[in-house]
Amino acid sequence: MSSETPSATPADQQLLGDIRQLIEQGRRQLAVAVNSALTLLYWHVGERIRREVLQGGRAAYGEQIVSALARQLESDYGRGFSAKNLRHMLRFAEAFPNEQIVSAARRQLSWTHYKTLIYIDDPLKRDFYLQMCQQEGWSTRTLQERLDSMLFERTALSRQPDELLGAELAALREQGELSPSLLLKDPYVLDFLGLNDRYLEKDLEDAILRELEGFLLELGAGFSFVARQKRLQIDHDDFYIDLLFYNRRLKRLVAIDLKLGDFKADYKGQMELYLRWLAKHEQEPGEAPPLGIILCGGKKKEQIELLELDAGGIHVAEYLTALPPKDVLQAKLHEAIVRSRARLENRSGEET
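Read left to right, the sequence shown gives residues 266 to 617 (the working numbering).
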């Protein structure tokens, strides 16, 4: 007689599926635990070397210490403790002297995340990227893409004086409180839309909806699409909001108006009308007042400053359909940050 292997029953398949799921879950948890332990270990190694270097008081002494340690540690524990990696660990402890901050983020950020973050010289900029990695669950690839596109410099947050900037980052870290200035950008980089040199507003809108996932990523955390050409009826007249989104982190509607050319002063009244209608007819109890974003091909800086649009919940920003060379973008953003901070400081001085 020939013996046949009995066929698997649905119950057997369910059992197999459950066990596979348990194994995969256990592996993921183990990987997180190993990464977490290694990250903290690397910080402690770096901190111990840092204390030794500080006692020596000379940069050359620090290099001697690292080289001597690496020869022995690499022999004992492998390439993970090479001179190059020990320098990363030393830099880690220098960039993040507070162990509590490292400990709080070590389950969400890998060592690769930290190796990118520790070489950001500006502490506030570094803290911004650390917080966004935690809040939005960025991969190391996403973090590098955001750095390459100069996300921090494009946020409204970067235009604020350091004191306010630090306070908003502290609120994000301690209460998970996300402010509009952390999300609003200028300019928005829409190079993924694939638009040519000549296009209409409808072409821009169509391209955004076609590449909605990329547009939501550029907008930032918590955005979801609500409507296109949202119709408003006011005194028997019809008005249309180009794009309407909702942000669950800010708990508010966000209306976006698309303009091909430079900003014009009459755009303010149009957006104010949209926002007041939304507040009256669409805003739910417990939600914050709606925000407006006017995306333009160019900006008229003095007009925007005189109109004080931010006070009315309106953000004006340029959009770029092609990412310019990094030095050009860097110079443009630096000029905008300096101008905005000077304006805010002057306004503060007038109030006091």
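Glycine included, every Cβ here is placed at the ideal spot set by N, Cα and C.
The alpha-carbon separation between G345 and G327 amounts to approximately 19 Å.
Distance from the Cα of F510 is smallest, within the candidate group D503, D502, F504, D522, for D522. Pairing S446 with E428 gives a Cβ-Cβ distance that is not under 8 Å. Taking a C-beta distance under 8 Å as the contact criterion, P452 and R496 do not qualify as a contact pair.
Where F393 is concerned, the enclosing alpha helix (DSSP H) starts and stops at 388 to 401. Classified as exposed, H599 has fewer than 16 neighbouring CB atoms from the shown chains inside 10 Å of its CB. Beyond the five residues adjoining it in sequence on each side, F504 comes within less than 6 Å, by CB distance, of L497 in the same chain, given in chain order. Looking at the backbone, the Cα of Q290 and that of L594 are separated by about 43 Å.
A direct Cα-to-Cα measurement between G551 and G534 gives close to 26 Å.
By alpha-carbon distance to L482, the top candidate from G311, N512, R285 is N512. The C-alpha of E537 is placed about 16 Å away from the C-alpha of Q568. In the structure shown, the three-state DSSP call for F504 is strand. The alpha-carbon of Q425 is positioned some 27 Å away from that of A544.
Secondary structure of L523 (DSSP, three-state): strand. Runs of the beta strand (DSSP E) lying entirely within the region 334 to 368 and spanning at least 3 residues: none are present.
When Cβ pairs closer than 8 Å are counted between the two stretches, the region 552 to 562 is seen to touch the region 515 to 530, the count reaching three or more. Here I559 is bridged, per DSSP, to D522, V581. If you draw a straight line from the Cα of L469 to the Cα of T586, it comes to about 10 Å. Counting along the chain, no beta strand (DSSP E) covers A432; the unbroken alpha helix (DSSP H) around it starts and ends at 427 to 440.
DSSP, read as helix, strand or coil, puts K565 in coil. Put simply, the backbone Cα of A369 is about 44 Å away from that of Y532.
Closest option to T381, judged by alpha-carbon separation, among Q373, R372, R391: R391. Collapsing the DSSP output to three states places R475 in a helix. Residue burial annotation: D507 is buried, with at least 16 other C-beta atoms found within 10 angstroms of its C-beta. Put simply, of S332, S301, T274 the residue whose alpha carbon is nearest the alpha carbon of T377 is S301. In this structure, the straight-line span from the alpha carbon of E359 to that of G485 is close to 30 Å. For A544, the uninterrupted alpha helix (DSSP H) run begins and ends at 531 to 546, by DSSP. Taking each of G479, L408, E547 in turn and checking the Cα distance to D456, the smallest one comes out for G479.
A Cβ-Cβ contact shorter than 8 Å links A335 with L351.
Per the DSSP secondary-structure output, R496 pairs in a beta bridge with Y505. For the pair K564 and V581, the CB atoms are nearer than the 8 Å cut-off.
Membership of D451 in any alpha helix (DSSP H) is not indicated, and neither H nor E is assigned to it by DSSP.
With contacts defined as CB atoms closer than 8 Å, G431 and L389 qualify as a contacting pair. The beta carbon of A530 lies closer than 7 Å to those of Q568, L572 in the same chain, with the five residues before and after it left out. DSSP places N461 outside both helix and strand once states are collapsed to three, so it counts as coil. Bridge pairing for N512: F488, R517 [DSSP].
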